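Counting in my numbering, the sequence shown tops out at residue 191, every number present. Idealized CB from N, CA, C, for every residue including glycine. Computed from a prediction, not measured in an experiment: that's the story for all the values here.
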Amino acid sequence: MIAKKKQTSRIEESFLDKGIKLTHQRKIIAKVITDSSDHPDANEVFIRANKIDNRISLATVYRTIKLFEENHVLNRIELGGKRARYEELTDSHHDHLIDIESGEIIEFVDEEIEELQKKVAKKLGYNLVDHKMELFGKKIKSN
């Protein structure tokens, strides 16, 4: 009988690479975030993690999210006020369009925008090394 290898999240792997161990609860929170196809807020992360282990508190989720942000494995997407959603940081670059009415976050890549940003940086005397773009809008109503 062959033993199955325990699956680790990319966030957990990043911490292991840094020599930092994660607690059982933090591993669950990492997996919830890694497995999310949407951009959950802290409360949504709490609800999903709490279904796996009901000992996980909302305070633990907030502390863990802060730890993940400080270690550059989690991206915070500000929605205005104190509202924020989260996504795992990955190597694939994308930008966000945020629907200000529904809170939906749409990921997109536009090469024309990418080139324009480089052109603007160069015009101002810089080589662009990174950027983060978040567009905010309202859905156009069709007649």
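Helix, strand or coil, according to DSSP, for ILE125 in the structure here?
Correct three-state label for ILE125: strand.
Quick check: what's the CA-CA separation for ALA97 versus LYS167?
Their backbone Cα atoms lie some 43 Å apart in a straight line.
Any contact of the segment 119-137 with the segment 80-88, i.e. 3+ C-beta pairs under 8 Å?
Contact between the segment 119-137 and the segment 80-88 is present, because at least three Cβ pairs lie under 8 Å.
Find the nearest neighbour of ILE146 within the set LYS186, ARG103 and LYS170, judged by alpha-carbon distance.
Ranking LYS186, ARG103 and LYS170 by Cα distance to ILE146 puts LYS186 first.
Below-8 Å beta-carbon distance, GLU149 vs any chain C residue
Within the model displayed, chain C is absent; a lone protein chain is all it includes.
On the DSSP letters alone, give me the boundaries of the beta strand (DSSP E) that ASP65 sits inside.
Note, ASP65: premise wrong, no beta strand (DSSP E); alpha helix (DSSP H) at 58-65.
Proximity to ILE113 [Cα-Cα], best of HIS144, GLY129, SER150 and GLU136:
The shortest C-alpha separation from ILE113 is found at GLU136.
Out of LEU64, GLU118, LEU164 and THR138, point me to the one whose CA is closest to ASN175's CA.
That would be LEU164, whose Cα lies nearest to the Cα of ASN175.
Length of the line joining the Cα atoms of ILE161 and ASP143:
The C-alpha of ILE161 lies about 10 Å from the C-alpha of ASP143.
Just to confirm, is the Cβ distance from ARG111 to THR82 under 8 Å?
Cβ atoms of ARG111 and THR82: not closer than 8 Å.
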